[in-house]
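Protein chains in written order, with the UniProt record's numbering: chain A, 1 to 333; chain B, 1 to 333.
A virtual CB, placed ideally from N, CA and C, is assigned to each residue, including glycine.
Here the structure is a predicted model, which means the values were calculated and not measured.
Structure first, commentary second.
There are 2 protein chains.
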Amino acid sequence: MTNIRKVAELAGVSVATVSRTLKSPDIVSPRTRDKVLKAVREAGYKPNLMAVQFRSRRTRNLVVLVPTIANTFFARVISGIQEAAQQQGYSVLLCNTLGREESEATYAKMVTTRQADGVIQLRAYNPFPADAFAPDTPLPMVNACEVLDEAPCSSVKLDNRAAARAITEHLIGLGHRRIGMIKGPRRSPLTRDRVAGYCDALEAAGIALDESLLCPGKFTPHSGYEAAGMLVARDDRPSAIFCESDEMAIGAIQRIKQEGLRVPDDISVAGFDDIAFASFSDPPLTTIAQPAEAFGREAVAMLIEVLEGREEGAKQRILPYELVIRGSTAVKR
Amino acid sequence: MTNIRKVAELAGVSVATVSRTLKSPDIVSPRTRDKVLKAVREAGYKPNLMAVQFRSRRTRNLVVLVPTIANTFFARVISGIQEAAQQQGYSVLLCNTLGREESEATYAKMVTTRQADGVIQLRAYNPFPADAFAPDTPLPMVNACEVLDEAPCSSVKLDNRAAARAITEHLIGLGHRRIGMIKGPRRSPLTRDRVAGYCDALEAAGIALDESLLCPGKFTPHSGYEAAGMLVARDDRPSAIFCESDEMAIGAIQRIKQEGLRVPDDISVAGFDDIAFASFSDPPLTTIAQPAEAFGREAVAMLIEVLEGREEGAKQRILPYELVIRGSTAVKR
DNA sequence: TGTCATGATGTAACCGGTTACATTTCAGGT
DNA sequence: ACCTGAAATGTAACCGGTTACATCATGACA
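Following this line, the structure appears as structure tokens:
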């Protein structure tokens, strides 16, 4: 493998001069510069980045922890991360944790073992048991999408409470009074915020909360299908259902149709995320659009700020949502 | 940062002994081992992997080039890659090329600059202009899903021709004689094979090929929507449409319904891939199931074989498909 | 007691860049 | 010609592990 010493020899200069020619060409004389560049070309020299990283103690790698890349919303966030990272000269090490804690721990270690400079988490778990780190070396990390209250790091998210309230108010505005909700797993902060927004809307409209109308799901179409089955089977079934993700909404719509009911004529269904398939479901989904790619880009920007030492305290950034009204919700009748 | 020298000092031994204790504990005496391990714990020592990689000249990183991670099929393949890589102690550097050649070139460079040991490509482009590499250092690469004929590297794929033939024959078996096809971009080898399989089926059934029934799409729901519009607007419209991806099929179904026709009563629609949403579309999609995660796992296994020098020649591996019949196809009437 | 094999440990070179510091070169002023 | 300072270049230490080789300790055996 051609290394800097070979190039130096070929050009008849020292390794330092070669290094300088490539890193700051303006401080070497034009004559030498030409000699060196010629030698670089001749030798087909490419600097060994492992050596550079080792010396500079920075890998310019970012670890991204994602529960499932198969979730289309996360996929969009990762696209944004990838794009911004590449622009700034960073690479993305992807880790599909599948919720397994040992996976998360493995990847968390990549920072302590210097395989990566920082971490972006798309789920708000704390993969870092407190005792795993020396207190004097805080882990450069940002949370995207979901945020733990106690997380001591920067984060970027939606105002989930306001968004959930907005879409619930949309349903109330259509005349619905019994509104079911298919929510996410209990311990998710996302779910907590969205349930709170849903409650806000009911309360503002003077509708009493019926806890039995809240069904947990798992953010998959199948879990939406199952949950909708439970809601629809009731005698006092709701006339509208707010799902915490489009994937669950699509599952719910299928179940509702299978039970012989129509959407939105008999039951209105609203989703959350505005994934690509949302406008291709039948009927097209009313939902909350999230700027998924922007989450990714923002998260990278914040992490790099931390890494380059420009930023100390934890910052929060809230991105705007948009209520997208399509055909799956209609006036109650 | 605590390094191996600090640990050695703490334990009162040499750095070599520390290194040996951690790498091959059996060749140090139990007494020393205990001393060293105690020092490691006390110092909270984690080996700096950058140094290890630098020394061993291996990063244990794999670059994955993917056109769009937003495509759910690719997302599944990546899941498989990720899982297998992690199991074997490798990490995944994700590159969303978005079809941009400069992106592909950037990531291809990661191998020559020693940021990664090898490449897995999910699209069969050749991101490596011939002159970019010294002929004596072939690039460790495998193709997954899509394969260029001239590619000099191992690959894992489906027998696309046979699969396309199988699903076309399913349609013919239902009595359809005019069968449209929404295919992918012209230059894709995938499309070429699948079109060939479609033609095989027609020929075997004695149906003349009508080239005008082949519409190009872009593997997105929207492009399926557009292409279906063209097919359905014809006076002699087909009674069945085979789409080269489920995403296009879902778009096509929406368009067909919007035009006032029913699926499958008026037009049968078949897809390809069996993505998660395939069984949640209305009607549920008849399609070809691909073992997407297995593609990823196989690709990793093949690449590691190349990397560890066990394998020289290019191998091809063909994984099985499965025809999944759901409600979007029916007997012609 | 001396010799030798064996196992345990230490010493230092090495991977391939970067960069602080030393040295050389050279232009400009007297 | 001589001095001075800036610019250009060279020398070598350094990053943090691994490992070939050297050294040392121990015990068996003649």
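Across the structure, A/R55 and A/I241 are spaced so that their CA atoms are roughly 57 Å apart. The alpha-carbon separation between B/A289 and A/G309 amounts to approximately 49 Å. Within its own chain, the residues whose Cβ lies closer than 8 Å to the Cβ of B/D282, once the five positions on either side in sequence are excluded, are I253, listed in chain order.
Taken in chain order, the whole beta strand (DSSP E) runs of length 3 or more contained in the stretch 244 to 278 of chain B are 268 to 270. A/V111 places its beta carbon less than 7 Å from that of A/L139. Taking C-beta atoms as the reference points, A/S239 and A/F219 fail to come closer than 7 Å. With respect to the 7 Å criterion, A/A39 and B/R76 are not classified as neighbours on the basis of their beta carbons. When the Cα atoms are used, A/Q88 and B/A105 turn out to be separated by approximately 16 Å. Under the Cβ distance rule, A/L93 counts among the residues neighbouring chain B, one pair being separated by less than 7 Å. For A/M230, the uninterrupted alpha helix (DSSP H) segment begins and ends at 221 to 233. Inclusion of B/V13 and B/R5 in the CB contact set at 7 Å is not warranted, their separation being larger than that value. Around A/V232, the same chain offers R255, I256, E259, L261, I267 as residues with beta carbons nearer than 8 Å, after the five sequence neighbours per side are excluded. Nearest in C-alpha terms to A/D235, of all of A/K46, A/L213, A/H222, A/I81, is A/L213.
Apart from the 5 residues on each side of it in sequence, A/R20 sits with its Cβ closer than 7 Å to the Cβ of I27, V28 in its chain, given in chain order. In this structure, A/L65 and A/V119 form a Cβ contact; the two beta carbons are roughly 6 Å apart against a cut-off of 8 Å. According to DSSP, A/G180 shares a beta bridge with A/I241.
A/P189: not part of any beta strand (DSSP E); member of the alpha helix (DSSP H) spanning 189 to 204, first to last residue. Here B/Y321 is near B/L158, since their CB atoms are less than 7 Å apart. The beta carbons of A/Q121 and A/N96 sit no closer together than 7 Å. What A/Q290 touches in chain B, judged by beta-carbon distance under 7 Å, is nothing: the nearest beta carbon there is about 14 Å away. Within the stretch 53 to 64 of chain A, Q53, F54, T59 place their CB atoms closer than 7 Å to a CB of chain B, listed in sequence order. About 6 Å separates the Cβ atoms of A/G251 and A/H222, confirming a contact at the 8 Å cut-off.
About 6 Å separates the Cβ atoms of A/G44 and A/T2, confirming a contact at the 8 Å cut-off. Around the CB of B/A85, 16 or more other CB atoms lie within 10 Å, so the residue is classed as buried. For the stretch 38 to 49 of chain B, the residues whose beta carbon sits under 9 Å from a beta carbon of chain A are, in order, G44, K46, P47, N48, L49. Assignment of B/A164 by DSSP, reduced to helix, strand and coil, places it in the helix class.
B/F73 and B/D273 have their C-alpha atoms some 7 Å from each other. Residues of chain B whose Cβ lies closer than 8 Å to the Cβ of A/A70 are, in chain order, T72, A75, R76, S79, A276. Residues I81, I120, V142, A144, V156 of the same chain have their beta carbon placed closer than 7 Å to that of A/A299, with the five preceding and five following residues left out of the count. Judged by beta-carbon spacing, A/V269 lies beyond the 7 Å limit of A/S188, meaning their Cβ atoms are not closer than that value. Annotation: the continuous alpha helix (DSSP H) that includes A/G296 extends over 292 to 307. Linking A/C215 to B/A276 through their CA atoms gives a straight-line distance of about 22 Å. The residue among B/A163, B/V263, B/I78 with its C-alpha nearest the C-alpha of B/E293 is B/I78. When DSSP states are grouped into helix, strand and coil, A/Q121 belongs to the strand group. Going by DSSP, B/E322 is part of the beta strand (DSSP E) stretching over 322 to 324. The bridge partners DSSP lists for A/R55 come to none.
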